[in-house]
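Engineer: Protein sequence lines correspond, in order, to chains C and U. Heads up: the first sequence is residues 4 to 133, going by our numbering. Heads up: the second sequence is residues 17 to 153, going by our numbering. The structure that follows is given in the form of structure tokens.
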Amino acid sequence: MKFAVVVNEGPYTHQASDSALQFVKAALDKGHEIFRVFFYHDGVNNGTRLTVPPQDDRNLQRAWSEIALTRNVDLVVCIAAAQRRGILDANEAKRQGKDADNIAPGFRISGLGQLIEAGIEADRVVVFGD
Amino acid sequence: MAERPKKTFLYLNRKAPYGTIYALESLEVVLIGAAFEQDVSLAFLDDGVFQIVEGQDASALGMKNFSKTYRALGDFEVRKLYVERESLAERGLSEADLMPIMWEDEDEDYAEKPSIRLVDRSEMTRLIGAADVVLSF
Chain C
4 MKFAVVVNEG PYTHQASDSA LQFVKAALDK GHEIFRVFFY HDGVNNGTRL TVPPQDDRNL
64 QRAWSEIALT RNVDLVVCIA AAQRRGILDA NEAKRQGKDA DNIAPGFRIS GLGQLIEAGI
124 EADRVVVFGD
Chain U
17 MAERPKKTFL YLNRKAPYGT IYALESLEVV LIGAAFEQDV SLAFLDDGVF QIVEGQDASA
77 LGMKNFSKTY RALGDFEVRK LYVERESLAE RGLSEADLMP IMWEDEDEDY AEKPSIRLVD
137 RSEMTRLIGA ADVVLSF
């Protein structure tokens, strides 16, 4: 089955990102396809490479990056939600006149149309939120 | 995309309009999604019913009052707004407290028709079960 996943909460405060990550891994392990993971609301905060969780805790951002890079999962951060919350890639940082970018490896920034497209293309959309 | 059948998208709005950003950002998805010409419905339940209460004034909060946007949804071909009757009643609200949200029927000389439909909880359950895509905010 082809799944689209939506993550609506940031890392650590809520379990939504952990649950989504475990769902994605389990689905891939069972031979399903993940069409896209779309990060919205505070979910965009999963995509900053500047998080530094304690060493004895899980590193959610790194886990997402790894799954994107090793298993070819499309991780999309909503541009409007990202701009509100200070998540920028190099292009956006330049365009907005900011002095730094912070997008994590394996994530890309794009528009809400990517969420709708995921809903159209996937067999199931699974939303992880509060 | 034009060749394939439309999907039914149901946006579930469950939270009050100003305590969190969910309502505002949900509306942004609805407006963008309208361009994809799918079969779109909105559902308001739990505290989400407060999103379409008439006479909102967010000025003291220092936040933008975005409630007028709901009234423009008809222009985006979004014509089905389901409101759960029990959620209204549990909050001391009735249909009379809601904004008039209308759409224009071009087949009937642009007659204005109400977009809001009150449904009871069992009908809401059926609507959620019948939708192809449920985006919950």
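Note that CB positions come from ideal geometry on N, CA and C, so glycine has one too.
1) Closer than 8 Å by beta-carbon distance: list the chain C residues that pair up with Val45 of chain U, in chain order.
2) Taking a contact to mean a Cβ-Cβ separation below 8 Å, would you say Val149 of chain U touches Arg107 of chain U in this structure?
3) So, helix, strand or coil for Val45 of chain U, using DSSP?
4) Going residue by residue through the stretch 38-96 of chain C, where are the continuous beta strand (DSSP E) segments of at least 3 residues, counting only ones entirely within it?
5) Asp45 of chain C: buried (16+ other C-beta within 10 angstroms of its C-beta) or exposed?
6) Could you tell me whether any Cβ in chain U is nearer than 8 Å to the Cβ of Phe128 of chain C?
7) For Tyr126 of chain U, count neighbouring C-beta atoms within 10 Å of its own C-beta (all shown protein chains included) and say buried if the count is 16 or more, exposed if not.
8) Would you kindly work out how many angstroms separate the C-alpha atoms of Tyr43 of chain C and Lys129 of chain U, rounded to a whole number?
9) Would you list, in chain order, the members of the stretch 23-38 of chain U that have their beta-carbon closer than 7 Å to a beta-carbon of chain C?
10) Just grab the DSSP bridge partners of Ala7 of chain C for me.
11) How is the beta strand (DSSP E) around Val135 of chain U delimited, first residue to last?
12) For Ser83 of chain U, which option in U:Ala32, U:Gln72, U:Glu139, U:Tyr38 has the closest C-alpha, if you only look at C-alpha atoms?
13) With 8 Å as the limit, tell me which residues of the stretch 45-63 of chain U have their beta carbon closer than that to any beta carbon of chain C; keep them in chain order.
14) Tell me, to the nearest whole angstrom, how far the beta carbon of Trp67 of chain C is from that of Leu78 of chain C; I am working on the premise that it is less than 8 Å.
15) Taking any Cβ of chain U, which residues in the stretch 18-31 of chain C have a Cβ under 8 Å from it, in chain order?
16) Sort U:Ile117, U:Asp91, U:Arg133, U:Gln67 by Cα distance to Ala51 of chain U and report the nearest one.
17) Is Ala76 of chain U helix, strand or coil by DSSP?
18) Taking the alpha carbon of Lys80 of chain U as the point to measure from, which residue in U:Lys23, U:Glu139, U:Arg30, U:Gly35 has its own alpha carbon closest?
19) Quick test of your reading: Gly50 of chain C and Val76 of chain C, contact by CB under 8 Å. State the CB separation rounded to the nearest angstrom.
Structural biologist: Taking the coordinates as given:
1) Mapped onto the second sequence, residue 45 of chain U falls at position 29. Going along chain C in sequence order, the residues near Val45 of chain U (Cβ under 8 Å) are Tyr43, Leu115, Leu118, Ile119.
2) Looking up residue 149 of chain U in the second sequence gives position 133. Looking up residue 107 of chain U in the second sequence gives position 91. No, the pair does not count as a contact, with Cβ atoms beyond the cut-off.
3) Residue 45 of chain U sits at position 29 when you count from the first residue of the second sequence. In the structure shown, Val45 of chain U sits in a helix (DSSP, three-state: H, G or I).
4) Qualifying beta strand (DSSP E) stretches, in chain order: 78-81.
5) Reading the first sequence from its first residue, position 42 is the one you call residue 45 of chain C. By the neighbour-count definition (other C-beta atoms within 10 Å, threshold 16), Asp45 of chain C is a buried residue.
6) Residue 128 of chain C sits at position 125 when you count from the first residue of the first sequence. What sits at residue 128 of chain C in the sequence shown is Val, not Phe. At least one chain U Cβ lies under 8 Å of Val128 of chain C.
7) Start at 1 with the first residue of the second sequence, and residue 126 of chain U comes out as number 110. Classification of Tyr126 of chain U: exposed, given that the 10 Å Cβ count is below 16.
8) Position 40 of the first sequence holds residue 43 of chain C. Position 113 of the second sequence holds residue 129 of chain U. Spanning the two alpha carbons is a distance of roughly 33 Å.
9) Within the stretch 23-38 of chain U, the qualifying residues are Lys23, Phe25, Ile37, Tyr38.
10) In the first sequence, the residue the question calls residue 7 of chain C occupies position 4. Per DSSP, C:Arg39, C:Val128.
11) One-based indexing of the second sequence puts residue 135 of chain U at position 119. Secondary structure note for Val135 of chain U: its beta strand (DSSP E) is the uninterrupted segment 132-135.
12) The residue given as residue 83 of chain U occupies position 67 in the second sequence. For Ser83 of chain U, the nearest C-alpha among the options comes from U:Gln72.
13) Within the stretch 45-63 of chain U, contact with chain C at the beta-carbon level (separation under 8 Å) is assigned to Val45, Ile48, Gly49, Ala51, Phe52, Gln54.
14) Numbered from 1 along the first sequence, position 64 holds the residue referred to as residue 67 of chain C. Numbered from 1 along the first sequence, position 75 holds the residue referred to as residue 78 of chain C. Distance from Trp67 of chain C to Leu78 of chain C at the Cβ level is roughly 6 Å; contact confirmed, criterion being Cβ atoms closer than 8 Å.
15) Within the stretch 18-31 of chain C, no residue qualifies.
16) As a working mapping, residue 51 of chain U is identified with position 35 in the second sequence. Of the candidates U:Ile117, U:Asp91, U:Arg133, U:Gln67, the one whose C-alpha sits nearest the C-alpha of Ala51 of chain U is U:Asp91.
17) Your numbering for residue 76 of chain U matches position 60 in the second sequence. If DSSP states are grouped into helix, strand and coil, Ala76 of chain U belongs with the helices.
18) Working through the second sequence from its first residue, we reach residue 80 of chain U at position 64. The shortest Cα separation from Lys80 of chain U among U:Lys23, U:Glu139, U:Arg30, U:Gly35 belongs to U:Gly35.
19) Counting from 1 along the first sequence, the entry for residue 50 of chain C is found at position 47. Counting from 1 along the first sequence, the entry for residue 76 of chain C is found at position 73. Going by Cβ atoms, the distance from Gly50 of chain C to Val76 of chain C rounds to 13 Å, so no, they are not a contact pair.
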